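Below is one structure, written out as structure tokens; the observations come after it.
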């Protein structure tokens, strides 16, 4: 038997540069002045965003990467093999397991892979041999229902809008033309999707050596069976997110 395994910590190689809240407000003023001749933000509001003063629900201070991403994520692999036999039978078996955790804080995303391989060669008689090869694989991916749009929503949401208010309530954040809260979606509040892929490949070969009749001649037959399927289950949840009314102080 032979075993090898490793556990590693991974992180994105590079993250896209992130424009802070007051810088985006400044850029929006420049655009509004060019298009309409007016400011969208007052200098006082931009100063609140820049210095972290004022109402934290109106002028939040956060970095979306710090809010959404872990410092590192775990990746683990394990593999067990066995080989041996005798003059008449030889075998090789291998089983492997891989697990990759989510990059996101409290994220429901993860990936699991199970692999099994086997090869058996047997001498049935002096002139007849049998070979059996099997390969099986199971993939399982769990994710939030917005898995495909996570990065797009993270990078398109305005950094001057809070994801969470000072009392802990999740905020409504516009991104990609809709109101949502991608941090809550990452954590599975909107639902989860479980996708499974199953693959089986098999081959059987029988070889009859008749070189005693004609030098180098043999007869062989091969049969193969392959199978694969994919299944996905999605559970959708409803959850609340809030807007803040600065006039009444209510959510």
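Residue numbers (the working numbering): 229 to 479.
In this text, a Cβ means the ideal position worked out from N, Cα and C, and glycines have one as well.
It should be emphasised that the depicted structure is a prediction, and the values quoted were computed from it without experimental measurement.
- Rounded to the nearest angstrom, the gap between the Cα atoms of residue 423 and residue 405 is 27 Å.
- Here DSSP, grouped into helix, strand and coil, assigns residue 302 to strand.
- Rounded to whole angstroms, the gap between the alpha carbons of residue 389 and residue 333 is 20 Å.
- For residue 413, the enclosing alpha helix (DSSP H) stretches over residues 410 to 414.
- Secondary structure note for residue 351: it is in no alpha helix (DSSP H), and the uninterrupted beta strand (DSSP E) holding it is 338 to 351.
- Leaving aside the five residues that flank residue 479 on each side, the residues in its chain whose CB is nearer than 6 Å to its CB run, in chain order, 397, 470, 472.
- A Cβ-Cβ distance of about 4 Å is found for the pair residue 416 and residue 336, placing them in contact under the 8 Å criterion.
- DSSP, reduced to helix, strand and coil, places residue 423 within a strand of the structure shown.
- For residue 258, the enclosing alpha helix (DSSP H) stretches over residues 249 to 264.
- For residue 322, the enclosing beta strand (DSSP E) begins and ends at 317 to 329.
- Cα atoms of residue 428 and residue 408: separation of roughly 40 Å, rounded to the nearest angstrom.
- The continuous beta strand (DSSP E) containing residue 446 extends over residues 446 to 464.
- Under DSSP, residue 475 takes part in no beta bridge, so it has no partner.
- Comparing alpha-carbon positions, the option among 356, 298, 263, 291 lying closest to residue 440 turns out to be 356.
- In the pairwise beta carbon analysis, the region 283 to 301 is classified as touching the region 370 to 389: at least three pairs are separated by under 8 Å.
- Here the region 341 to 352 lies against the region 317 to 332, with 3 or more beta-carbon pairs under 8 Å apart.
- In the displayed model, residue 234 falls within a strand according to three-state DSSP.
- Annotated three-state conformation of residue 371 is strand, per DSSP.
- Residue 273 and residue 235 have their C-alpha atoms spaced approximately 48 Å apart.
- With a 10 Å radius around the Cβ and a threshold of 16 neighbouring Cβ atoms, residue 264 comes out exposed.
- Note on residue 372: 16 or more other CB atoms within 10 angstroms of its CB, so buried under the neighbour-count rule.
- With contacts defined by Cβ atoms closer than 8 Å, residue 402 and residue 252 do not form a contacting pair.
- In the DSSP secondary-structure assignment, residue 399 is bridged to 470.
- The closest CA to that of residue 298, considering only 395, 238, 367, 454, is found on 238.
- In the DSSP assignment, residue 430 forms a beta bridge with 362, 453.
- DSSP, reduced to helix, strand and coil, places residue 307 within a strand of the structure shown.
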